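So the sequence shown is numbered by our numbering: it starts at 3 and just counts up by one. Positions of the beta carbon are idealized from the N, C-alpha and C atoms, including for glycine. Model, not experiment: these values are computed from the prediction. One structure is given below, encoded as structure tokens.
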Amino acid sequence: MSDSSSSFRLLVGFPIGKPPPNGSPQLCQPVRTRSGAEVFLGGGYPPDRLPLSVVSERSLALTRRRSPAGGDRSKGSVWQGGSAGWQTMIISWNWLKQYVLLDMPVEDLCYRLMMAGFNHEGTAEVDGDLAIDLEITSNRPDCLSHLGIAREVGALYGRPIRLPEARPPEGSTPVDALVQVRIECPDLCFRYIARVIRGVRIGPSPAWLARRLRTVGITPINNVVDVSNYVLMECGQPLHTFDFAKIRGRAIVVRRPKPGETIEAINHQVYSLQPDMCLICDAERPVAIGGVVGGAGKQIPAAASTPGGGAGG
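Take a look at the structure:
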């Protein structure tokens with residue numbers, strides 16, 4: 003925070019009463035701090051028992067005008083997750099219960115998670131499942147996955163966690179005989195793992211997998227791409243699959259961008275690259291921005307016959 007930190011005041015408020023009767027669908031309950039100041043917030047309606055963070059109107063950090071919701075009565079602003087650097091994580095109830103026993107009402111689970119520091123944006127029914135919309139604080143990246151939330155639920159309720167077994171079969175040819183991995187920026191990426199999978203036929207994912215992805219807001223594409231997204235949402239590990247036949251030089255090089263280097267992403271937009279970015283490249287050019295987006299032309303096609311192979315990291 004800048005020199006304005008001496009004027010910054012973060013208070014605790016509790017919802018009181020009902021929304022002002024002016025017909026606005028954006029109003030929430032008035033929130034009162036212990037000093038007696040009242041704050042009105044647009045865009046939500048917090049639970050009665052949930053304490054809220056309130057920034058005083060005298061804080062120089064506040065640059066917004068007072069909301070019309072409270073008019074001149076509003077003496078501050080409720081600090082919501084989006085303005086505090088939180089990240090959205092949608093959890094599938096049916097998926098989550100694969101890892102931890104869920105015999106409590108979903109309302110109780112969401113309340114316990116909120117009291118543990120996770121903002122609950124809402125719960126929606128999706129195709130026979132429940133999509134629980136949480137906001138995760140930046141100091142809890144371990145909870146940006148179903149396994150991460152399962153561990154948190156296990157800690158809150160004192161229950162064991164059932165971890166999935168992952169024992170992929172090994173082929174007869176060592177991976178390093180097929181593709182070479184070289185890391186030139188260990189400060190940005192200290193480890194990169196590649197696996198080559200041959201003889202995969204591209205096609206639709208099984209219905210159960212596609213349904214889970216849709217519940218958490220991801221559109222199914224094909225079995226290979228969907229598996230990488232499934233792993234991301236399951237354990238929080240970013241993956242990217244490449245068409246092995248299009249990886250030049252049979253090499254994966256992790257490096258910083260060269261001066262003036264660009265990449266065409268899978269959305270066919272061309273992006274200028276900054277010196278502190280982590281690039282995943284083949285022997286000649288970038289194929290992805292690490293953990294962010296893949297490059298056009300190297301991804302697994304949406305529909306095809308059996309490809310020559312695939313590589314991921």
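Item, Value
"Contacting residues, own chain, Cβ-Cβ under 8 Å from GLY156 (five flanking each side not counted)", "VAL102, PRO162 and ILE163"
"Beta strand (DSSP E) segment containing ASN96, residue limits", "Where ASN96 is concerned, there is no enclosing beta strand (DSSP E), although the alpha helix (DSSP H) it sits in stretches over 95-98."
"Beta-carbon spacing of LEU281, ARG257 below 8 Å", "yes"
"Cα-Cα separation between ALA373 and GLY160, rounded to whole angstroms", "Outside the shown range of the chain (3 to 315) lies residue 373, about which nothing can therefore be said."
"Residues that DSSP places opposite HIS122 in a beta bridge", "LEU136"
"Cβ pair ASP124, THR139 closer than 8 Å", "Strictly speaking, residue 124 in this sequence is Gly, with Asp absent from that position. Their beta carbons are not under 8 Å apart, which means GLY124 does not touch THR139 by this criterion."
"The stretch 224-232 in contact with the stretch 202-214 per 3-pair CB rule at 8 Å", "yes"
"Residue range of the unbroken beta strand (DSSP E) whose run includes CYS283", "281-283"
"From VAL183, PRO206 and GLN89, residue whose alpha carbon lies closest to that of ASP144", "GLN89"
"For GLU266, the three-state DSSP class (helix, strand or coil)", "strand"
"DSSP bridge partner residues for ILE92 (one or two, in chain order)", "ASP135"
"Whole-angstrom distance between SER207 and LEU104, CA atom to CA atom", "27 Å"
"Whether VAL183 touches ILE254 by CB criterion (8 Å)", "yes"
"Rounded straight-line distance, which links the Cα of PHE246 to that of VAL289", "11 Å"
"DSSP bridge partner residues for SER274 (one or two, in chain order)", "THR264"
"Inter-residue Cα distance where the pair is ILE199 and ASP110", "43 Å"
"Status (buried if at least 16 other CB within 10 Å, exposed otherwise) for HIS270", "exposed"
"Cβ-based neighbour list, LEU180, same chain, cut-off 6 Å, excluding 5 preceding and 5 following", "VAL198"
"C-alpha gap between CYS237 and SER274, whole angstroms", "31 Å"
"Secondary structure of ILE151, DSSP reduced to three states", "helix"
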